[in-house]
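I have placed the structure first, in the form of structure tokens, so that the comments after it can refer back to it.
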Amino acid sequence: MCGGAKTHYGDLVHSQPARPDFDLSRFQDESRRRGVSVPSIEWPPELGSTNDELAARLESSPGEVAEYAVIGTDFQSGGHGRLGRPWTVPPRASLTFSVPVRVPPGFPVDRLGWLPITAGWCVAETLREHEIAAGVKWPNDVLVDGKKICGILTRACPTPGGLVVIIGIGVNVAFTADELPVPTATSLSLLGAEVRREELLASLLSRLQPAIAEVLAAGDLVHTTATARRVRETMVTLGSSVRVELPGGQELVGRARDLDPAGNLVVETADGEHRITAGDVIHARSA
Ligand code: BT5
């Protein structure tokens, strides 16, 4: 079902470029080449949300969900971000998937904020392989030249066997300019990188598995790991002038100084230092 036809997508009517379906055997070849092993991978042509699908399975049959079992899709019709905001992608143009990770007993839950930023670092490193200068934006984005190329949504699910965190990742791979859902978005193709999603996924998982394992094994000391150091180095938020929209509707304006041991953003304002546990960060243009 590739290419050619005029398609309704959101409010737009446009010609869809030809884009290949996700090819599972190609992914297996790429995984073998990179030494990546996943217990299983499912890639239906369409799903509402890969995160919601995984959450439903963890609820109904948690014992059957293996760590790092991948659920992806060629078209996510009801993808969402934080606070139920829409995550919008055209068919076959995005690397859209979720994986579950098991949180070891005793891992401090206030340190779970390291998971989305660690996943963001893994995405940024993967894109750098393709000469794309990507950076992590706190708390869950990957940016290139200030534009969002990837969004990450983590969700903690209690199960009888312990806490499982779903890591959901959407990377914009092959959007045309008129398919960008918001002017602040970008895509690999628009940056001149033609990359197969199978290759991208294998490459990303080869980083994600060891980085997340290191973070989860470090417990209270996660902020001292090599991964945490790399996350900081790749985080474009740090050192930037920022406006932070807090969940209650208040705003803070200041400079993002650092991450604290829990992965919270430390912002210095005229009246002192603030630790941000949740919120939307807007980078100042000059930063
Ligand atoms: C996010 O939320 O950025 C997290 C997005 C996570 C998507 C993945 S895909 C696999 C898994 N399954 C899901 O259902 N979700 C995850 P947030 O920080 O709240 O940003 C949402 C905002 O990003 C929207 O309000 C738009 O402004 C913008 N946006 C929507 N689609 C976008 C896209 N494709 N690229 C860039 N920005 C987009």
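In terms of the UniProt record's numbering, the sequence shown has 106 at position 106, counting the first letter as 1, and numbering is strictly consecutive.
Even for Gly, the Cβ is constructed at its ideal location relative to N, Cα and C.
Exercise for the section: Taking all protein chains shown into account, decide if Thr50 is buried (16 or more other Cβ within 10 angstroms of its Cβ) or exposed. Expected result: Position 50 of the sequence shown, counted from the first residue, corresponds to residue 50. Its Cβ being crowded by 16 or more others within 10 Å, Thr50 is buried.
Problem - Range of the contiguous beta strand (DSSP E) that encloses Asp280 - result: Mapped onto the sequence shown, residue 280 falls at position 280. Note, Asp280: beta strand (DSSP E), 280-283.
Handout entry: Below-8 Å beta-carbon distance, Phe97 vs any chain D residue
Key = Given the protein chain composition of this structure (a single chain), no chain D is represented.
Practice task
Could I get the ranges of all uninterrupted beta strand (DSSP E) runs contained in the region 54-120, with 3 residues as the minimum, in chain order?
Solution key: 70-73, 94-102
Exercise for the section: Mind checking which residues open and close the alpha helix (DSSP H) that includes Ser25? Expected result: Translated into positions along the sequence shown, residue 25 becomes position 25. Start and end: 24-34.
Problem - For Ser241: DSSP bridge partner residues - result: Here residue 241 is taken as the residue at index 241 of the sequence shown, counted from 1. Arg255, per the DSSP bridge assignment.
Practice task
Return the CA-CA distance between Val267 and Ile276, expressed in angstroms with no decimal places.
Solution key: For this step, residue 267 is matched to residue 267 along the sequence shown. For this step, residue 276 is matched to residue 276 along the sequence shown. Cα to Cα, the separation comes out at about 7 Å.
Exercise for the section: Just the C-alpha distance for Val144 and Pro158, rounded to the nearest angstrom, thanks. Expected result: The count along the sequence shown starts at 1 and reaches residue 144 at position 144. The count along the sequence shown starts at 1 and reaches residue 158 at position 158. Cα to Cα, the separation comes out at about 34 Å.
Handout entry: Closer than 7 Å: Ala55 CB and nearest the ligand BT5 heavy atom
Key = Walking along the sequence shown from the start, residue 55 turns up at place 55. No, the ligand BT5 has no heavy atom inside 7 Å of this Cβ.
Handout entry: Beta bridge counterpart(s) of Gly219 as assigned by DSSP
Key = Here residue 219 refers to the residue found at position 219 of the sequence shown. Partner(s): none; Gly219 has no beta bridge.
Exercise for the section: Count the other C-beta atoms from every protein chain shown that fall within 10 angstroms of the C-beta of Arg33, then say buried if there are 16 or more, exposed otherwise. Expected result: Numbered from 1 along the sequence shown, position 33 holds the residue referred to as residue 33. Under this definition Arg33 is an exposed residue.
Handout entry: Per-residue DSSP class, three states only, for Glu268
Key = Here residue 268 refers to the residue found at position 268 when the sequence shown is read from its first residue. The answer is strand: DSSP assigns Glu268 an E or B state.
Practice task
For Ile167, write down the residues that DSSP places opposite it in a beta bridge.
Solution key: Translated into the one-based positions of the sequence shown, residue 167 becomes position 167. According to DSSP, Ile167 bridges with Val99, Thr154.
Problem - Cβ shell of Ile71 (< 7 Å), same chain only, five flanking positions each side left out - result: Here residue 71 refers to the residue found at position 71 when the sequence shown is read from its first residue. Around Ile71: Glu42, Thr50, Glu53, Leu54, Phe97, Ser98.
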